[in-house]
Amino acid sequence: MPFVGLVEATVVQAFRSTGLSMQKIRQAIEVLTKQGELHNALASQQLYTDGAEILYDYASDHEEPLLRLLTVVGTGQRVFHEVLDEYLQRIIFGDRWATQLVLPVTKRELLRVVPEVASGDPIFMNGGAPLSAVRSRVQAGEPIKSIARDYDVPSEDISEALNAIWPETAAA
Numbered sequence: 033m034p035f036v037g038l039v040e041a042t043v044v045q046a047f048r049s050t051g052l053s054m055q056k057i058r059q060a061i062e063v064l065t066k067q068g069e070l071h072n073a074l075a076s077q078q079l080y081t082d083g084a085e086i087l088y089d090y091a092s093d094h095e096e097p098l099l100r101l102l103t104v105v106g107t108g109q110r111v112f113h114e115v116l117d118e119y120l121q122r123i124i125f126g127d128r129w130a131t132q133l134v135l136p137v138t139k140r141e142l143l144r145v146v147p148e149v150a151s152g153d154p155i156f157m158n159g160g161a162p163l164s165a166v167r168s169r170v171q172a173g174e175p176i177k178s179i180a181r182d183y184d185v186p187s188e189d190i191s192e193a194l195n196a197i198w199p200e201t202a203a204a
């Protein structure tokens with residue numbers, strides 16, 4: 033999956049976690065794209081700067097109370113509700129576009145994706161080990177403590193990440 037798709041999927045997951053249907057999300061994305069004249073609007077920093085206002089206006093015009101609640105009035109500006117903001121804070125932007133993503137698979141920030149590092153494979157934030165390398169060693173039967181020492185990644189980070197993504201792998 034391309035990095036931009038991963039970022040956009042994270043934003044869609046944030047909207048879905050609030051109870052919005054895919055149909056409503058698609059409509060909101062169309063509005064964002066038209067208003068901001070952006071391709072890949074969900075991977076753009078513009079989503080933060082004026083996206084909340086666009087979505088709030090859309091929600092008001094189309095009587096979408098849930099979307100209106102998710103884009104609330106802050107200090108004179110429209111801002112995203114805490115539920116969405118929690119996901120969106122895991123996206124790191126360069127000039128205008130997402131450059132890194134801290135994966136929202138765990139509550140703690142354990143894994144990130146940087147397209148230019150490890151061929152886009154998720155890496156552990158502590159130690160920098162590629163997730164695929166850690167997982168293959170666990171699947172080969174190597175003890176997590178040994179892998180943790182080799183990569184300088186806390187063993188609890190490895191266990192938590194593997195359990196969140198592949199529960200059967202962490203139990204092995």
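So in my numbering, the last one in the sequence shown is 204, and the numbering has no gaps at all. We put the beta carbon where it would ideally sit given N, CA and C, even for glycine. Since we're looking at a predicted model, the values are computed, not measured.
Residues near residue i in its chain [Cβ-Cβ closer than 8 Å; skip 5 each side]
{"i": "I57", "result": "V44, F47, R48"}
{"i": "L64", "result": "L70, A73, L74, L79, G83, I86, L87"}
{"i": "I155", "result": "L143, R144, V145, V146, V149, A161, P162, L163"}
{"i": "E141", "result": "R122, V134, M157"}
{"i": "R128", "result": "S76, Q77, Q78"}
Host beta strand (DSSP E) of residue i (start-end)
{"i": "Q171", "result": "Element bounds for Q171: not the beta strand (DSSP E) but the alpha helix (DSSP H), 163 to 171."}
{"i": "L110", "result": "Before going further, note that residue 110 is Arg rather than Leu in the sequence given. Looking at the DSSP string, the run of the beta strand (DSSP E) that includes R110 is 110 to 112."}
{"i": "L79", "result": "Taken as a continuous stretch (DSSP letters only), L79 belongs to no beta strand (DSSP E), as it is neither H nor E."}
Residue i, DSSP secondary structure in three states
{"i": "L52", "result": "coil"}
{"i": "Q132", "result": "strand"}
{"i": "R58", "result": "helix"}
{"i": "L142", "result": "coil"}
Neighbourhood of residue i by C-beta, 6 Å cutoff - its chain only, sequence neighbours within 5 removed
{"i": "L116", "result": "A46, L102"}
{"i": "G159", "result": "Y183, D184, V185"}
{"i": "A130", "result": "V39, A75, I123"}
{"i": "T50", "result": "L102, V115"}
{"i": "Q132", "result": "I124, R144, V146"}
{"i": "H113", "result": "L102, V104"}
{"i": "W198", "result": "none"}
{"i": "A196", "result": "V137, T138"}
Status (buried if at least 16 other CB within 10 Å, exposed otherwise) for residue i
{"i": "S76", "result": "buried"}
{"i": "R16", "result": "This structure leaves residue 16 out entirely; the chain is present only between 33 and 204."}
{"i": "D189", "result": "buried"}
{"i": "E96", "result": "buried"}
{"i": "A91", "result": "buried"}
{"i": "P136", "result": "buried"}
Residues of its chain near residue i, where Cβ-Cβ distance is below 7 Å and the 5 sequence neighbours each way are ignored
{"i": "S187", "result": "I176, K177, A180"}
{"i": "F32", "result": "Any question about residue 32 goes unanswered here, given that the chain covers just 33 to 204."}
{"i": "L52", "result": "L98, L99"}
Limits of the unbroken alpha helix (DSSP H) element including residue i
{"i": "R100", "result": "97 to 102"}
{"i": "L194", "result": "187 to 197"}
{"i": "D153", "result": "That residue, D153, is in no alpha helix (DSSP H); it is neither H nor E in DSSP."}
{"i": "D182", "result": "176 to 183"}
For residue j and residue i, believed in contact at Cβ under 8 Å, the rounded distance
{"i": "A60", "j": "L99", "result": "6 Å"}
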